[in-house]
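Enquirer: Let me give you the structure first, and then I'll get to my questions.
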Amino acid sequence: MSRIRLPILALLALLVAAVPAFAQEQRPRNLFELLFGTGQQQSQPVPAPAPAPAPSSPGQGVVRAPAAPPPPPAVEKSPDAQRVMVVGDSMAVDLARGLERFYAENENVRVIGRGVGSSGFVRDDFFNWQRTIEEAIAEDSFDIAVVIIGINDRQALGADAPLSDPWRAAYSARLEKFLATLRAADKPVVWIELPPMELAQYGAGIIQISAMHRAAVEAAGAEWVETFERYMSESGGYTATGPDLNGDITTMRKADGIHFSAAGSDKLAFYVDRAIGDYHGGGGSTLEVADHLAGTDAALMLRPPFQGLGQVQLGEMAGLVQQIGTRTYRANDLVVAGAPVAAREGFEIEALLNAPEGRIDAFGVPIREPMVVENPRGR
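When the letters of the sequence shown are read in order and numbered with this note's numbering, they come out as residues 232 to 610.
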């Protein structure tokens, strides 16, 4: 019996020892414990945040570029806006989109995209650009023609092999006729040079075609926009990347090694806008200078030309260099245009070193003859 009592007594002792702890846990907590918790709760470690799940896509760990900003809102174009028509092959399609983005907020320029993929000056049986430009002129549907074409022209023209002498003669005749039609209609032309191509053999032929374009454009008095050096690598070859309008290095060409990307088209649109603004007006940068003396007697007097801020700054810089010693003229001494102007007196170059008394650079010390001291005894 005594052997059975010992395990029972040990079990009761364990239960009695656990009761106070259980009772202590179940007792009501005071205000301090409600606010700050019990000592047991305060000692519990704060669980660490769970790590973010790893990406399961193939590009794990690659930082994605931010999404491109939305295009600027297009404004309503003015009824007399300059109509810029972009003609050519599939490269003209990309350029037209770039120009549309460039002039989206300019109410004075409207872009008309007329690019046709796979077209050119060789296969006029597929698409005839000569007939198309004649119809556009007859309809008076544009003011300025922007042309980029030629990537499909390295093929036989009739029985003539590409880039052979007969081929060159026939191809140049088509270029000259196209440009002469625009010139006879008094339509300004901005022609885009073809950029470098990725495939060496194909690019060599495109360079020759673009050289023929340039010869015909310059002979017709049209404007030539260079692209080859602006889109080539530092070694003088093809590159798919380059600085955009913000100076950031980005992709300038599409994966086919021929066409422009969106950034490349936007950059080309900037160069086209400069050509339009410089030579034909209607571009993004214009400056009008009003002559406030027009229609008055003072307009007939000799005065600096009103040619814009740049000329004014040049005049100010030139005014910093003046002859010393020339007399000033009063405002009522202005000479009417066409009347003889008295020549201003000059000065000797030595006068710059020895200023005469009374001149501003004499510093108050008059020029005197050197003093001669007699010393017959040699002392």
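Think of the CB as a built atom: it goes at the ideal place given N, C-alpha and C, for glycine as much as any other residue. Since this is a predicted model, take the numbers as computed values, not measurements.
So is Asp311 buried or exposed if we call it buried at 16+ other beta carbons inside 10 Å?
Expert: Exposed: under 16 other Cβ atoms inside 10 Å.
Enquirer: Expressed to the nearest angstrom, what Euclidean distance is found between the alpha-carbon atoms of Leu410 and Pro474?
Expert: Going from the Cα of Leu410 to the Cα of Pro474 covers about 33 Å.
Enquirer: Which of helix, strand or coil does DSSP assign to Met443?
Expert: Reduced to three states, the DSSP call for Met443 is helix.
Enquirer: Would you grab the beta carbon distance between Gly452 and Arg414 for me? Rounded to a whole angstrom, and I think it's under 8 Å.
Expert: Their Cβ separation, rounded to whole angstroms, is 7 Å, which keeps Gly452 and Arg414 in contact under 8 Å.
Enquirer: What does a CB cutoff of less than 8 Å around Phe373 pick up in its chain, not counting 5 residues either side in sequence?
Expert: Taken in chain order, the residues that qualify are Arg314, Val315, Met316, Ile343, Ala367 and Lys418.
Enquirer: By Cβ distance below 6 Å, which residues in the same chain neighbour Ser350 in space, the five residues on each side in sequence not counted?
Expert: Asp320 and Phe358, listed in sequence order.
Enquirer: Applying the 10 Å Cβ sphere with the 16-neighbour rule, what's the burial state of Asp479?
Expert: With fewer than 16 other Cβ atoms within 10 Å, it is exposed.
Enquirer: Are Tyr469 and Glu429 touching if we call contact CB-CB under 7 Å?
Expert: For Tyr469 and Glu429, yes; Cβs fall inside 7 Å.
Enquirer: Can you tell me whether Ala327 is buried or exposed? The criterion is at least 16 other CB atoms within 10 Å of its CB, across all chains shown.
Expert: Answer is buried; the Cβ neighbour count reaches 16.
Enquirer: Run through DSSP, which three-state label would Phe333 get?
Expert: Note: Phe333 maps to helix in three-state DSSP.
Enquirer: Per DSSP, what kind of secondary structure is Gly546 in: helix, strand or coil?
Expert: Reliability fails at Gly546, whose pLDDT of 43 lies under 50, so the model's placement of it is uncertain and no value is given.
Enquirer: Starting from Arg399, trace the alpha helix (DSSP H) in both directions and tell me its first and last residue.
Expert: Asp396 to Ala415 is the span of the alpha helix (DSSP H), which, as asked, contains Arg399.
Enquirer: Tell me, please, which residues DSSP counts as bridged to Gln313.
Expert: Looking at the DSSP assignment, Gln313 forms a beta bridge with Val340.
Enquirer: On the CB-based measure, 16 or more other CB atoms within 10 Å of its CB, does Lys498 come out buried or exposed?
Expert: It counts as buried.
Enquirer: Does the beta-carbon distance from Ala506 to Val456 come in below 7 Å?
Expert: A contact, by the Cβ cut-off of 7 Å.
Enquirer: I'd like the list of long-range same chain contacts for Asp487, defined as Cβ closer than 6 Å, with 5 residues on each side in sequence excluded.
Expert: Cβ neighbours of Asp487 beyond the five flanking positions: none.
Enquirer: Can you tell me which residues form a DSSP beta bridge with Met463?
Expert: The partner list for Met463 (beta bridge, DSSP) reads Tyr469.
Enquirer: Quick check on this structure: which residue in Asn383, Thr472 and Lys408 has the alpha carbon closest to the alpha carbon of Gly434?
Expert: Minimum Cα distance to Gly434 is reached at Asn383.
Enquirer: Should Asn477 go down as buried or exposed, given a rule of 16 or more other Cβ atoms within 10 Å for buried?
Expert: Exposed, by the Cβ-count rule.
Enquirer: On a CA-only basis, which of Pro393, Gly348 and Val378 is nearest Arg385? Give me that one, please.
Expert: Answer by Cα proximity: Pro393.
Enquirer: Residue range of the beta strand (DSSP E) that Ile379 falls in?
Expert: Unbroken beta strand (DSSP E) run through Ile379: Ile375 to Ile379.
Enquirer: Would Lys611 and Ser492 be called neighbours here (beta carbons separated by less than 7 Å)?
Expert: No answer is possible for residue 611: the residues shown for the chain start at 232 and end at 610.
Enquirer: Who does Arg622 pair with in a DSSP beta bridge?
Expert: The question about residue 622 has no answer here: the residues shown for the chain are numbered 232 through 610.
Enquirer: DSSP puts Asp391 in a beta bridge; with which residues?
Expert: Answer by DSSP bridge pairing, in chain order: Leu388.
Enquirer: So Ile380 packs on Ala323, CB below 8 Å; how close in whole Å?
Expert: Ile380 to Ala323, Cβ: 7 Å. Contact.
Enquirer: Select from Ala387, Val448 and Pro426 the residue whose C-alpha is nearest the C-alpha of Thr412.
Expert: Cα-wise, what sits closest to Thr412 is Val448.
Enquirer: Could you work out which residue in Val378, Ala335, Ser309 and Tyr502 is closest to Glu460 when comparing CA atoms only?
Expert: Closest by alpha carbon: Tyr502.
Enquirer: Arg445 to Arg332, Cα distance in whole Å?
Expert: For Arg445 and Arg332, the distance between alpha carbons rounds to 27 Å.
Enquirer: By Cβ distance, which residues of its chain are closer than 6 Å to Val353, with the 5 residues on each side in sequence left out?
Expert: Around Val353: Asp384, Gln386 and Leu388.
Enquirer: Could you give the residue range of the beta strand (DSSP E) that holds Glu454?
Expert: Segment Glu454 to Val456, the beta strand (DSSP E) holding Glu454.
Enquirer: Classify Gly434 as helix, strand or coil using the three-state DSSP reduction.
Expert: DSSP places Gly434 in helix when its eight states are reduced to three.
Enquirer: Would you call Arg345 buried or exposed, if buried means 16 or more other Cβ atoms sit within 10 Å of its Cβ?
Expert: Burial call: buried.
Enquirer: Residues in the same chain with beta-carbon distance under 6 Å from Asp325, minus the five sequence neighbours each way, listed in chain order, please.
Expert: The answer, listed in chain order, is His490, Phe491 and Ser496.
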